[in-house]
Amino acid sequence: MQYGYPCMGKRSQRYLLRSWRVRALRSRGNTLKVLIDTSFLLPALGIDVEEEVKEAIKYFYDVEVYYTEVSVLEAMWKVMKIIPAEELKIVENGINAIRNTYMQIVPDGSSFYQAYLLYQKGHRDFIDDLLYAVSKQKGILFLTIDGEFINFLKSKEEDVSNVITPRKFVSMLEKKADKLAAQYLM
Numbered sequence: 001m002q003y004g005y006p007c008m009g010k011r012s013q014r015y016l017l018r019s020w021r022v023r024a025l026r027s028r029g030n031t032l033k034v035l036i037d038t039s040f041l042l043p044a045l046g047i048d049v050e051e052e053v054k055e056a057i058k059y060f061y062d063v064e065v066y067y068t069e070v071s072v073l074e075a076m077w078k079v080m081k082i083i084p085a086e087e088l089k090i091v092e093n094g095i096n097a098i099r100n101t102y103m104q105i106v107p108d109g110s111s112f113y114q115a116y117l118l119y120q121k122g123h124r125d126f127i128d129d130l131l132y133a134v135s136k137q138k139g140i141l142f143l144t145i146d147g148e149f150i151n152f153l154k155s156k157e158e159d160v161s162n163v164i165t166p167r168k169f170v171s172m173l174e175k176k177a178d179k180l181a182a183q184y185l186m
């Protein structure tokens, strides 16, 4: 008699556990805030991405997801190289979905200043520098697949406690959800 419902199939039990996880995460006011790298916007615009990005996106329902307009602009540069004009309706719908689903965060002058300093230290992707600076300033996690950037930050002895990879993100949410769901099942 798993989960107290003897007549439920395994599929229904998984759905019930998943809904308990969502309720547990949201009911406690423990909503995690995550600023996403441009890679996590690309699937909404019709661009294929790495499996680890797709897997992490599945867990976005558990967190508050933030993006910047700079990331949308960077994504559009990729769209212009890959997506043919006849498929631009997908891109338009994707941008609308991003804006309706995720929360926009606006970098202030301090974030631009910090990003400039990182750029001067040798990291030549100003958008990554800016996203990192925004996440530090706002005290939220920065989800990125850019291992090279993380290594650069470590080499310059920058604080990377706010930087998280997709694998770590998924693992962290699964552990947190399992712990909270177990409390609901008791």
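Using full-length UniProt numbering, you'd call the opening residue of the sequence shown number 1 and step up by one each time.
Backbone N, C-alpha and C define an ideal beta-carbon position, used for all residues, glycine too.
Flag this pair as touching only if the segment 92–109 and the segment 39–49 have three or more C-beta atom pairs under 8 Å; answer yes or no.
yes
Under the three-state DSSP convention, the category Val79 falls into:
helix
Could you name each continuous beta strand (DSSP E) segment of 3 residues or more that falls completely within the UniProt domain "PIN" (34–150), going from the start of the chain to the end?
63–67, 141–143
Is residue 195 buried or exposed, if buried means 16 or more other CB atoms sit within 10 Å of its CB?
Given that the chain is displayed from residue 1 to residue 186, the structure contains no residue 195 and the question cannot be resolved.
Would Ser39 and Leu131 qualify as a contact pair, given that the criterion is a beta-carbon distance under 9 Å?
no
Whole angstroms is fine: what's the gap from Arg28's alpha carbon to Asn162's?
At Arg28, the pLDDT of 47 sits below 50, so the modelled position is not reliable; the number obtained from the coordinates is stated separately. Their backbone Cα atoms lie some 22 Å apart in a straight line.
What does DSSP give as the partner residues of Leu185 in its beta bridges?
Answer by DSSP bridge pairing: none, since Leu185 is not bridged.
Just checking, does the segment 108–123 make contact with the segment 70–85 on the three C-beta pairs under 8 Å criterion?
no
Would you kindly work out how many angstroms separate the C-alpha atoms of Ser135 and Glu51, rounded to a whole number?
24 Å
Within its chain, find whatever has a CB closer than 8 Å to the CB of Asp128; leave out the 5 residues flanking it on each side and keep chain order.
Asp37, Thr144, Asp146, Phe149
In the structure shown, what three-state DSSP assignment does Val160 receive?
coil
How many whole angstroms separate the CB atoms of Val34 and Ile140, which I take to be in contact at a CB cut-off of 8 Å?
6 Å
On the DSSP bridge assignment, give the partners of Leu32 in chain order.
Val63
Could you pull out every residue in the same chain whose Cβ sits closer than 8 Å to the Cβ of residue 194, ignoring the five residues on either side in sequence?
Residue 194 is absent from the model: the chain starts at 1 and stops at 186.
Please report the straight-line C-alpha distance between Lys58 and Gln137, rounded to a whole angstrom.
26 Å
With a threshold of 16 other CB atoms inside 10 Å of the CB of Glu74, please say whether the residue is buried or exposed.
buried
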